[in-house]
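So this note's numbering is basically just the index in the sequence shown, starting at one, shifted up by 5.
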Amino acid sequence: MASGQDPSDPKWVHVREWREPEQLIRVSADAEDRGAVYFSGAGSMAGARALTELLDELRALIGTDKRFVAIVDLRDLAGAPLRAQFHIGKWLFARKRQIERVAVFGGRPFEMRIARAVMKIARMREASFFDSLDDALRWLGWGRTVYP
Numbered sequence: 006m007a008s009g010q011d012p013s014d015p016k017w018v019h020v021r022e023w024r025e026p027e028q029l030i031r032v033s034a035d036a037e038d039r040g041a042v043y044f045s046g047a048g049s050m051a052g053a054r055a056l057t058e059l060l061d062e063l064r065a066l067i068g069t070d071k072r073f074v075a076i077v078d079l080r081d082l083a084g085a086p087l088r089a090q091f092h093i094g095k096w097l098f099a100r101k102r103q104i105e106r107v108a109v110f111g112g113r114p115f116e117m118r119i120a121r122a123v124m125k126i127a128r129m130r131e132a133s134f135f136d137s138l139d140d141a142l143r144w145l146g147w148g149r150t151v152y153p
């Protein structure tokens, strides 16, 4: 099931995970304040709450005054309820000043519509959506070695 960023890779100085049967959320940050979020399995309200808690933990470690750039990997996401989308969008809206840019990639059409809706709820103007990892990395200005 799990791909995404390798939590044992030393470039990820902060890694947090939440697991349930058939579900994984992994958030990571490197020393350059680049973040990665990976989803696997079917989304849920419990997963949405866990995601915002994991992100708040990382923000506390990195510093709530820092702005960061992030990549969101939806290749292995299998849907999410509307309430979960709203919860994530509301969280992002309250913290959007800390997010410089975010690239979302790899989701099926339904998951990408969800991601667009979440970013719209959050009024995230610096969010872009891509079919491929390479396009997302290019938009962020990251090399191919930053994210698998």
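Every residue gets a Cβ at the ideal spot worked out from N, C-alpha and C, and that includes glycine.
The C-alpha of F91 is placed about 10 angstroms away from the C-alpha of F98. Taking C-alpha positions only, I93 is separated from L56 by approximately 8 angstroms. When the Cα atoms are used, L142 and G112 turn out to be separated by approximately 15 angstroms. Apart from the 5 residues on each side of it in sequence, L145 sits with its Cβ closer than 7 angstroms to the Cβ of V74, I76, R106 and A108 in its chain, given in chain order.
Per the DSSP secondary-structure output, L138 pairs with nothing in a beta bridge. In this structure, the alpha-carbon of H19 lies about 14 angstroms from that of I30. By the neighbour-count criterion, in which 16 or more other beta carbons inside 10 Å mark a residue as buried, S45 falls on the buried side.
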